[in-house]
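Reviewing the structure listed below.
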Amino acid sequence: MDGLRTIAVVPVVLFHAGFDLFSGGFVGVDVFFVISGYLITGIILSEVLAGNFNIIKFYERRARRILPALFLVILACLPFAWVLLSPRDLKDFSESLVAVSLFGSNFLFWKESGYFEGAAELKPLLHTWSLAVEEQYYVLFPMALMLAWRLGLRWMLAFFAAVFAASLAAAQWGAVHAPAANFYLLPTRSWELLIGAFVAMASLDKRRLNFSVAKKEVGAWIGLALIVYAIFFFDKETPFPSLYSLVPTVGAALIIVCATQETIAGKFIANKWFVGIGLISYSLYLWHQPLFAFARHAGYGESDKVVFGFLSVFAVLLAYLSWRYVESPFRNGWRFDRKQIFSYGTAGSVALIALGLAGHVKNGFMEMKATRDQLVVLKSITPSPRRADCHTAGESFIKAKDACEYHAGKLSWAAFGDSHAVELAYAMADELAAYGLSLKHFSFSNCVPTFGRTVGGQFKYCSEWTDQAAKYIAENKDIRNVVVSYRINNWLFGGHTGKYPRLVDDVGQSEREKVWNSYVNVLRHFVGSGKKVFLVLQAPEIPKSIDELVLEAGDARGRIYGADASWWKSRSEYLRARLHEIPREVTIIDPAQIFCDEAKCMAANGGVAYYFDDNHLTVAGAKLVAAGLMQSVGF
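If you use the UniProt record's numbering, the sequence shown corresponds to residues 1 to 635, in order.
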């Protein structure tokens, strides 16, 4: 089993380290779920058959296995979090301390961001979501197993088969309709643990799995091939979990059943190197993500492969030490008795919860980490107060007819786009209110330009909303002016977070052409419907989050610069070379002319922040753009 753990953990580490070859390394977690389901079910059933199963003893074993090394890693994270994290990130980290201590971090990270988003790489405790899923499963599973056991083996299998089918069906549905929840939450993950449970149940009758050596050999190599295929050929675009997840999980089950010592495959997986890494796999899993996340906060990005290679090796060393001196002693009952385990576990959890709550209440200890001048700027980092109720996303998006309308007055304007339209809409509405005019706000989160084409997957609802909103605006005779704003450079080439000052292409020419055509076509659509159209190009991105730039600034009240103007010019070169394709009736507003001089682009000035992260404008920043737009209209 330790050899299979190695096959699970190494790809996860290398995937999080940013090595592109291991594009599907995240499937290692799914392999871990199968292993866990198999081992825990086997332990419970063996004790039930022996008549000595004890639920308190079960949770004692879980506490011994999980808590000591987890607490050690979190304790080691604290000083690095204090030094490297900005107040905003420290607040997020503090909230994760609470969530991890309550084994609810999967809920927290589900709400905060997607697993494959750039920001997720900066979360030191992101990986604890899988521990939360397992522990939630093991709150329910032992009781369900004991109740089902009383019905007899046939009914027990039927019950869990029904749960398995429902969970897998939910995962397949969720991969399309609710991908973030699908990835993080127990209902769509429990079927993976149940695969391991079924293997353990089948093992009760040795005759069921008594295959010939030849069949086991074939089965083991097929299992290994399935996992390897998923590691190297799946990627972040693969719907997950879904039916695709059967590839690595069935592979893991085949290895558990077939890779015995009498097979060549079994001997290969059980070699001393695989077993050695497998023994420390839990600690290795705990250590790797904090190391990588803090390195990224320290300024190391995807191009620093040597650094992340070194950190991967360093994680193995730390894993050995924590396995040798923390995991092993606590798992030995003669060193620490049950009372001590539960007492230490409770005390540690309470302490982390208290610290986490303090960090949340104190806004990441902002006043302790910033000077008075820096605090002034940090407190000016304000998104639109209408972002929560007017900006939409997901399957249950706000229908176009129900879009927010700002201020009383005659409706004649609309703002349309992705999240970059939110603050601009609010700022424009304030400008227009002085003239007795109102504005309708149409924006969808993380929404690539899709007008005129059918897009599925993660952009399915973005695509539906785009067509619906664009049609509504075009047909609404009251709306005479439309402001369009997208984070277009991101959609054309991919994000810049952790990559600046490199110029990257994470999109590809084929997709880029489709995005550009949709971008131009929606402008033509509005022009063709008789609207006066204003295109606001993307505001210059900044190298890191605004609060980090503020804390690094020598004079926080003066100009705080972000990206080099030359970098932004290069990143925008594709777009500028094709501006002639945009209908000549469209008025183009370029925020770079407002924020950039010949050398640098501003991120804050005069004690006021123009951004609230590393790409979205604050209300103050958006007001500068809105004022320029109003001037172009002649107000």
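Think of the CB as a built atom: it goes at the ideal place given N, C-alpha and C, for glycine as much as any other residue.
Exposed or buried, what is PHE233 when buried is set at 16 or more other beta-carbons lying within 10 Å of its beta-carbon? Looking at its Cβ environment, which holds fewer than 16 other Cβ atoms inside 10 Å, PHE233 is exposed.
Under the rule that 16 or more other beta-carbon atoms within 10 Å means buried, what is ALA315, buried or exposed? With 16 or more other Cβ atoms within 10 Å, it is buried.
With three or more beta-carbon pairs closer than 8 Å as the criterion, would you say the segment 290–301 touches the segment 22–30? Taking a contact to require three or more Cβ pairs closer than 8 Å, the segment 290–301 and the segment 22–30 do not qualify as touching.
Could you please give the first and the last residue of the uninterrupted alpha helix (DSSP H) stretch that includes ILE589? ILE589 -> not in any alpha helix (DSSP H); beta strand (DSSP E) instead, spanning 587–589.
Please say whether ALA69 and SER322 have beta carbons closer to each other than 8 Å? Note that the C-beta distance between SER322 and ALA69 is below 8 Å.
For the beta strand (DSSP E) containing SER419, list its first residue and its last residue. For SER419, no beta strand (DSSP E) segment is defined, and its DSSP state is neither H nor E.
Considering just the uninterrupted stretch of the alpha helix (DSSP H) at VAL265, what are its terminal residues? First, the amino acid is wrong: residue 265 is Ala here, not Val. The continuous alpha helix (DSSP H) containing ALA265 extends over residues 264–269.
Take the Cβ of SER328 as the centre, count every other Cβ of all protein chains shown within 10 Å, and call the residue buried at 16 or more, exposed below. The residue in question, SER328, is exposed, as its Cβ has fewer than 16 Cβ neighbours within 10 Å.
Where GLY621 and LEU424 are concerned, what is the direct C-alpha to C-alpha distance, given to the nearest angstrom? Between GLY621 and LEU424, the C-alpha separation is close to 9 Å.
May I have a chain-ordered list of the alpha helix (DSSP H) segments no shorter than 4 residues that lie completely inside the segment 121–194? Segments of the alpha helix (DSSP H) lying fully in the segment 121–194: 129–149, 153–177 and 179–184.
Per-residue DSSP class, three states only, for residue 646: Within the shown structure, residues of the chain are numbered from 1 to 635, placing residue 646 beyond reach of any answer.
Where PHE232 falls: helix, strand or coil (DSSP): In the three-state DSSP reduction, PHE232 falls in the helix class (H, G or I).
Starting from the Cα of ALA400, find the closest Cα among ILE546, ALA414 and GLU237 and give me that residue. Comparing Cα-Cα distances from ALA400 to each of ILE546, ALA414 and GLU237, the minimum goes to ALA414.
Look at ILE256 and VAL199 and say whether their C-beta atoms are less than 8 Å apart. It is a contact, given that the beta carbons lie within the stated cut-off.
CA-to-CA distance, GLY219 to GLN538, given in whole angstroms: Looking at the two C-alpha atoms, the distance is approximately 53 Å.
For CYS447, which option in ASP418, ASP564, PHE493 and GLU192 has the closest C-alpha, if you only look at C-alpha atoms? Of the candidates ASP418, ASP564, PHE493 and GLU192, ASP418 places its Cα closest to the Cα of CYS447.
Nearest-angstrom Cβ-Cβ length linking LEU551 and ALA370, presumed shorter than 8 Å: Between ALA370 and LEU551 the Cβ distance is about 6 Å, and since that is below 8 Å, they are a contact.
Determine the burial state of ALA265: buried for a count of at least 16 other Cβ atoms within 10 Å of its Cβ, exposed for fewer. Here ALA265 is buried. Its C-beta has 16 or more other C-beta atoms within 10 Å.
Could you pull the start and end residues of the beta strand (DSSP E) that PHE442 belongs to? Here the beta strand (DSSP E) through PHE442 covers 437–443.
Status (buried if at least 16 other CB within 10 Å, exposed otherwise) for GLU237: A residue is called buried when at least 16 other Cβ atoms come within 10 angstroms of its Cβ; GLU237 does not meet this threshold and is exposed.
Contact the segment 465–472 vs the segment 508–528: 3+ CB pairs below 8 Å: Cβ pair count under 8 Å is three or more, so yes.
Between ARG576, THR382 and HIS580, which lies nearest to ALA592 when the distance is taken from Cα to Cα? Residue ARG576 is the option with its Cα nearest to ALA592.
Find out if the Cβ-Cβ distance for the pair MET368, LEU375 is shorter than 8 Å. Going by C-beta atoms, MET368 is not nearer than 8 Å to LEU375.
For LEU246 and chain B, any beta-carbon pair shorter than 8 Å? Going by chain labels, chain B is absent from the structure shown, which holds only one protein chain.
Starting from the C-beta of PHE15, find all residues in its chain whose C-beta is less than 6 Å away, skip the five residues before and the five after it, and write them out in chain order. Excluding positions up to five away in sequence, the list reads PHE22, GLY25 and PHE26.
By how many angstroms is the C-alpha of ALA427 removed from the C-alpha of ASP478? Roughly 20 Å between the two C-alpha positions.
Let me know the secondary structure DSSP gives ASN605 once reduced to three states. Three-state result, ASN605: strand.
With distances taken from CA atoms, which of GLU121, VAL536 and ASP2 is nearest PHE274? Of GLU121, VAL536 and ASP2, the residue nearest in Cα terms is ASP2.
Throw me the rounded Cβ distance for the PRO583 and LEU378 pair, which I believe falls under 8 Å. With 8 Å as the limit, PRO583 and LEU378 do not qualify as a contact, their Cβ atoms being about 41 Å apart.
Could you have a look at ALA39 and say whether DSSP puts it in helix, strand or coil? A quick correction: the sequence has Leu, not Ala, at residue 39. Note: LEU39 maps to helix in three-state DSSP.
Round the Cβ separation of LYS600 and ASP564 to the nearest angstrom and send it over; I've been treating them as touching at under 8 Å. About 6 Å separates the CB atoms of LYS600 and ASP564; that is less than 8 Å, so the two are in contact.
For ARG338, which residues from the same chain have a beta carbon less than 7 Å from its beta carbon, with the 5 sequence-adjacent residues on both sides left out? Apart from sequence neighbours up to five positions away, the residues of its chain that approach ARG338 with a beta-carbon distance below 7 Å are GLU60, ordered along the chain.
Quick check: does the Cβ of SER23 come within less than 7 Å of any heavy atom belonging to the ligand ADP? Questions concerning the ligand ADP fall outside what the structure shown contains, since it holds no ligand whatsoever.
What does DSSP give as the partner residue(s) for LYS272 in the beta ladder? According to DSSP, LYS272 shares a beta bridge with no other residue.
I'd like to check one pair, ASP597 with SER545: are the Cβ atoms closer than 8 Å? Result no, Cβ atoms of SER545 and ASP597 do not sit closer than 8 Å.
Cα-Cα separation, PHE141 to ILE44: Cα to Cα, PHE141 sits roughly 10 Å from ILE44.
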